[in-house]
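This report concerns only the one structure given below.
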Amino acid sequence: MCRNPRSLFEDKFLMYADIRVRFAPSNTGHLHIGGARTALFNWFFAKHHAGTAILRIEDTDRQRSTEEYYDAILAAFDWLGLEWDEGPYRQSRRMDLYKEAADKLLSSGAAYRCTCTPDEVNAMRERARAEGKTPKYDGTCRDRYDKDPNVPFCLRLRAPDVGKAIVDDILTGEVVFENSQLDDMVIVRTDGTPTYNFCVAIDDIDMKITHVIRGNDHLSNTPKQLLVYQALEETSPKFAHISMILGSDKKRLSKRHGADSILDYKERGFLPEALINYLVRLGWSHGDQEIFSKEEIVENFALENLNKSAAVFNPEKLLWLNQEYIKSADGDFLVESLDAGLRAQGLSPDVLTHKSREGIVDELRTRSSTLTEMIDGARFFFENEVDFDEKAASKFLTSENSGLMLKLRNELSKIDMFSSENVKSAFHRVMEEEAVKLGKLAQPVRVAITGGTISPGIFETLSLLGKDRSLHRLDAALARVNQ
RNA sequence: GGCCCCUUCGUCUAGCGGUCAGGACACCGGCCUCUCACGCCGGUAACAGGGGUUCGAGUCCCCUAGGGGUCACCA
Numbered sequence: 001m002c003r004n005p006r007s008l009f010e011d012k013f014l015m016y017a018d019i020r021v022r023f024a025p026s027n028t029g030h031l032h033i034g035g036a037r038t039a040l041f042n043w044f045f046a047k048h049h050a051g052t053a054i055l056r057i058e059d060t061d062r063q064r065s066t067e068e069y070y071d072a073i074l075a076a077f078d079w080l081g082l083e084w085d086e087g088p089y090r091q092s093r094r095m096d097l098y099k100e101a102a103d104k105l106l107s108s109g110a111a112y113r114c115t116c117t118p119d120e121v122n123a124m125r126e127r128a129r130a131e132g133k134t135p136k137y138d139g140t141c142r143d144r145y146d147k148d149p150n151v152p153f154c155l156r157l158r159a160p161d162v163g164k165a166i167v168d169d170i171l172t173g174e175v176v177f178e179n180s181q182l183d184d185m186v187i188v189r190t191d192g193t194p195t196y197n198f199c200v201a202i203d204d205i206d207m208k209i210t211h212v213i214r215g216n217d218h219l220s221n222t223p224k225q226l227l228v229y230q231a232l233e234e235t236s237p238k239f240a241h242i243s244m245i246l247g248s249d250k251k252r253l254s255k256r257h258g259a260d261s262i263l264d265y266k267e268r269g270f271l272p273e274a275l276i277n278y279l280v281r282l283g284w285s286h287g288d289q290e291i292f293s294k295e296e297i298v299e300n301f302a303l304e305n306l307n308k309s310a311a312v313f314n315p316e317k318l319l320w321l322n323q324e325y326i327k328s329a330d331g332d333f334l335v336e337s338l339d340a341g342l343r344a345q346g347l348s349p350d351v352l353t354h355k356s357r358e359g360i361v362d363e364l365r366t367r368s369s370t371l372t373e374m375i376d377g378a379r380f381f382f383e384n385e386v387d388f389d390e391k392a393a394s395k396f397l398t399s400e401n402s403g404l405m406l407k408l409r410n411e412l413s414k415i416d417m418f419s420s421e422n423v424k425s426a427f428h429r430v431m432e433e434e435a436v437k438l439g440k441l442a443q444p445v446r447v448a449i450t451g452g453t454i455s456p457g458i459f460e461t462l463s464l465l466g467k468d469r470s471l472h473r474l475d476a477a478l479a480r481v482n483q
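This note's numbering numbers the first residue of the first sequence as 1 and each following residue consecutively.
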């Protein structure tokens with residue numbers, strides 16, 4: 001098919017003009033990995049097209065919705081650094097809108113009052129199932145005009161018995177559903193509250209949503225919502241049903257697979273930029289590029305590049321990405337994180353200068369895949385007494401090594417400027433005198449200074465710890481040997 | 001079970017009829033080295049299966065299998 005460039009341009013212009021998308025979680029739980037990814041896709045799609053990103057909280061389930069989760073969801077977005085252009089809207093505050101729409105549908109005849117009890121409806125479904133038919137409401141109340149107004153009723157939307165409902169999905173293409181499979185869905189419950197599939201459609205119409213980007217699990221809901229659009233004579237938005245995230249067992253991601261809440265990742269020392277990068281790359285790609293700044297994602301994001309198949313959540317790769325971000329993170333940010341982490345553990349960052357702490361995070365950034373790891377790795381600098389790893393201590397803090405250590409201690413004590421260069425020179429003087437290799441000297445010293453066998457380079461470590469604290473620790477270790 | 005969606009290395013993916021099927025994580029070697037990391041170099045590893053269409057198929061069509069989703073007066 002040959003089209004001229006102009007019409008192509010107009011097409012595209014029409015499609016992407018005044019883009020409005022929404023992310024619509026319910027506040028019945030924390031913002032989790034899957035939800036966050038959906039939110040991200042919506043947000044980046046909007047930003048890429050200079051459109052509007054809307055946050056809407058679906059809190060029509062009065063039983064399960066809580067204010068705590070509402071706050072937690074906002075806090076999660078706050079941490080991620082995602083700002084919404086509109087909202088948060090709350091469905092619980094928009095009841096008049098749904099009522100109005102329901103009345104309209106009732107008076108147009110698209111909806112009807114149903115006085116069947118839930119038990120009766122269940123019985124219908126059982127019967128249909130037993131007969132091998134699609135379990136659904138049988139339409140008993142569709143044409144019952146002699147209703148007793150005192151009998152409680154709910155509102156149902158009349159679904160066509162024949163024909164097809166076609167969902168035109170940006171990712172999947174046309175998905176065809178037989179109308180005969182569709183139920184006369186309840187749009188207003190007996191207690192007068194509107195239902196999910198109804199509110200969603202009404203809100204999307206009211207908010208002039210142009211693109212609905214949501215999880216694949218909503219694909220089968222879509223024909224139901226389409227019915228609401230039809231009944232109201234509204235045009236439907238475009239849909240993009242994105243793949244889901246699976247756990248390593250290929251099952252739906254859940255609490256079993258580790259931290260589920262976004263805020264948990266904050267607690268575990270992840271950087272929001274890394275999480276965003278990882279989540280967006282899960283199902284989306286741009287050539288071979290792995291690391292994207294937010295700006296780069298905005299620039300390159302396109303729904304067309306989304307993968308249709310489900311993706312398995314891979315914690316190792318997230319860890320790797322997080323370390324990449326830590327490696328290139330701003331030094332002041334890392335020092336602040338370190339300080340906060342130390343204080344949380346009852347340690348005082350101020351025993352070392354800000355400059356020293358800068359040096360410490362620089363040494364640790366290539367050794368930490370999370371901020372938590374970085375803080376753990378820095379602990380020994382700030383503790384007053386070295387916490388010895390017994391195995392390391394008994395191997396290296398021996399009388400055999402004490403002579404070497406004492407010699408080094410004395411060399412170190414002569415240094416004025418306790419720079420890593422000068423510390424290195426001291427080491428070399430001892431090594432030459434005693435004719436030993438660096439490894440022979442460095443490991444005992446490392447254990448004496450850090451309590452264990454793992455740390456940044458020994459010269460840097462000593463220099464960063466400072467002369468007084470270093471000599472003190474060496475003395476303490478020597479005392480321990482001589483015990 | 002009905003309906004719907006999906007299927008390239010273990011994992012995330014590139015690929016948009018002609019590629020030695022590329023990259024990344026993980027893994028395994030090597031180099032660097034005071035430990036641990038970082039870094040650098042190299043390696044193992046995939047088109048679910050079967051039919052078509054085509055000169056030619058990972059790419060298009062059909063079937064099978066497997067995985068997932070959904071079938072509420074929950075969202």
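Heads up, the beta-carbon is just placed ideally off N, CA and C, and yes, glycines get one too.
Check your understanding: Between residue 305 and the rest of its own chain, which residues show a CB-CB distance below 7 angstroms, the 5 nearest in sequence each way excluded?
Key -> Result list for residue 305: 284, 285, 286, in chain order.
Review point. Nearest CA to the CA of residue 162: which residue from 453, 178, 170?
Key: The closest CA to that of residue 162, considering only 453, 178, 170, is found on 178.
Exercise for review: Pick helix, strand or coil for residue 86, following the three-state DSSP scheme.
Suggested key: The answer is strand: DSSP assigns residue 86 an E or B state.
Point to revise | C-beta atoms of residue 183 and residue 112 nearer than 7 angstroms | key: No. Outside cutoff.
Review point. On the premise that residue 64 lies in contact with residue 89, defined as a C-beta separation below 8 angstroms, what is that separation, rounded to the nearest angstrom?
Key: Taking C-beta atoms under 8 angstroms as the contact rule, residue 89 and residue 64 fail to qualify, at a distance of about 19 angstroms.
Review point. Taking the alpha-carbon positions, what's the residue 135 to residue 220 distance?
Key: Approximately 15 angstroms between the Cα atoms of the pair.
**Study point:** residue 237 to residue 226 span [Cα, whole Å]
**Key:** If I take the Cα positions, the gap works out to 9 angstroms.
Check your understanding: Taking C-alpha atoms, which residue in 48, 117, 26 lies nearest to residue 72?
Key -> It is 26 whose Cα lies nearest to the Cα of residue 72.
**Study point:** Where residue 35 falls, given that 16 or more other Cβ within 10 Å makes a residue buried
**Key:** With 16 or more other CB atoms across the displayed protein chains lying within 10 angstroms of its CB, residue 35 is buried.
Point to revise | Counted within 10 angstroms of its Cβ, other Cβ atoms place residue 2 as buried (16 or more) or exposed | key: The predicted model places residue 2 with a pLDDT of 30, which falls under 50 and marks its position as unreliable; any figure quoted below should be read in that light. Looking at its Cβ environment, which holds fewer than 16 other Cβ atoms inside 10 Å, residue 2 is exposed.
Review point. Taking the alpha carbon of residue 352 as the point to measure from, which residue in 123, 87, 468 has its own alpha carbon closest?
Key: Out of 123, 87, 468, 468 has the C-alpha closest to the C-alpha of residue 352.
Check your understanding: By Cβ distance, which residues of its chain are closer than 6 angstroms to residue 174, with the 5 residues on each side in sequence left out?
Key -> Answer for residue 174: 166, 168, listed in chain order.
Practice item. State buried or exposed for residue 470, treating a residue as buried only when at least 16 other CB atoms are found within 10 Å of its CB. Key: Classification of residue 470: buried, given that the 10 Å Cβ count is 16 or more.
Point to revise | residue 52 (DSSP reduced to helix, strand or coil) | key: Correct three-state label for residue 52: strand.
Review point. DSSP state of residue 6, grouped into three classes?
Key: In this prediction, residue 6 scores a pLDDT of 33, lower than 50, which makes its location untrustworthy; no coordinate-derived value is stated.
Check your understanding: Would you call residue 60 buried or exposed, if buried means 16 or more other Cβ atoms sit within 10 Å of its Cβ?
Key -> By the neighbour-count criterion, in which a residue is buried when 16 or more other Cβ atoms sit within 10 angstroms of its Cβ, residue 60 is buried.
Practice item. Compare the beta carbon distance of residue 386 and residue 361 with 7 angstroms and say whether it is the shorter of the two. Key: It is not a contact, given that the beta carbons lie outside the stated cut-off.
Check your understanding: With C-beta atoms as the reference, is residue 359 less than 7 angstroms away from residue 464?
Key -> Result yes, Cβ atoms of residue 359 and residue 464 sit closer than 7 angstroms.
Check your understanding: With 16 other CB atoms within 10 Å as the buried threshold, where does residue 58 fall?
Key -> Taking every protein chain shown into account, the CB of residue 58 has 16 or more other CB atoms within 10 angstroms, so this residue is buried.
Check your understanding: To the nearest angstrom, how far is it from the Cα of residue 474 to the Cα of residue 384?
Key -> Near 13 angstroms, if we compare the C-alpha coordinates of residue 384 and residue 474.
Point to revise | Expected contact under 8 angstroms - CB spacing of residue 224 and residue 185 to nearest Å | key: 5 angstroms between Cβ atoms; contact.
Point to revise | Ranges of the alpha helix (DSSP H) found wholly within the stretch 368-416, counting only runs of at least 4 | key: Listed in chain order, the complete alpha helix (DSSP H) runs (minimum 4 residues) inside the stretch 368-416 are 371-382, 390-396, 399-413.
**Study point:** Continuous beta strand (DSSP E) stretch holding residue 566: start and end
**Key:** Nothing can be reported for residue 566: it is not among the residues displayed for the chain, which extend from 1 to 483.
Exercise for review: Might you give, ordered along the chain, the residues of its own chain that have their beta carbon closer than 6 angstroms to the beta carbon of residue 409, omitting 5 neighbours on each side?
Suggested key: Apart from sequence neighbours up to five positions away, the residues of its chain that approach residue 409 with a beta-carbon distance below 6 angstroms are 474, ordered along the chain.
Review point. Is it a yes or a no for the stretch 265-273 touching the stretch 201-215, going by three-plus beta-carbon pairs under 8 angstroms?
Key: No, the stretch 265-273 does not touch the stretch 201-215.
Review point. How would you write the range of the alpha helix (DSSP H) that residue 327 sits in, first residue to last?
Key: Here the alpha helix (DSSP H) through residue 327 covers 315-327.
Exercise for review: Could you tell me the distance, in whole angstroms, from the CA atom of residue 21 to the CA atom of residue 170?
Suggested key: Using only the alpha carbons, I get a separation of about 14 angstroms.
Review point. Can you tell which of 428, 319, 399, 345 has its C-alpha closest to the C-alpha of residue 367?
Key: Looking only at 428, 319, 399, 345, the smallest Cα-Cα distance to residue 367 is reached by 319.
Review point. What number of angstroms, rounded off, separates the C-alpha of residue 427 from the C-alpha of residue 472?
Key: The alpha-carbon atoms of residue 427 and residue 472 are separated by roughly 17 angstroms.
Review point. Just reading off the beta strand (DSSP E) that residue 112 is part of, what are its end residues?
Key: Note, residue 112: beta strand (DSSP E), 111-114.
Review point. Do three or more CB pairs link the stretch 367-376 to the stretch 434-447 at distances below 8 angstroms?
Key: Output reads no: the stretch 434-447 does not touch the stretch 367-376.
**Study point:** Same chain only: Cβ atoms within 6 angstroms of residue 43, ignoring 5 sequence neighbours per side
**Key:** Excluding positions up to five away in sequence, the list reads 53, 82.
Review point. Taking the continuous alpha helix (DSSP H) assigned at residue 517, which residues delimit it?
Key: Lying before the first or after the last residue shown, residue 517 is absent from the chain, which here runs from 1 to 483.
Check your understanding: With 16 as the cutoff for other CB atoms within 10 Å, does residue 181 come out buried or exposed?
Key -> By the Cβ-count criterion, residue 181 is exposed, with fewer than 16 other Cβ atoms from all chains shown falling within 10 Å of its own Cβ.
**Study point:** Boundaries of the alpha helix (DSSP H) in which residue 427 is found, first to last residue
**Key:** Run containing residue 427: 420-434, per the alpha helix (DSSP H) assignment.
Check your understanding: By a C-beta neighbour count over all protein chains shown, 10 Å radius and 16 as the cutoff for buried, is residue 130 buried or exposed?
Key -> Classification of residue 130: exposed, given that the 10 Å Cβ count is below 16.
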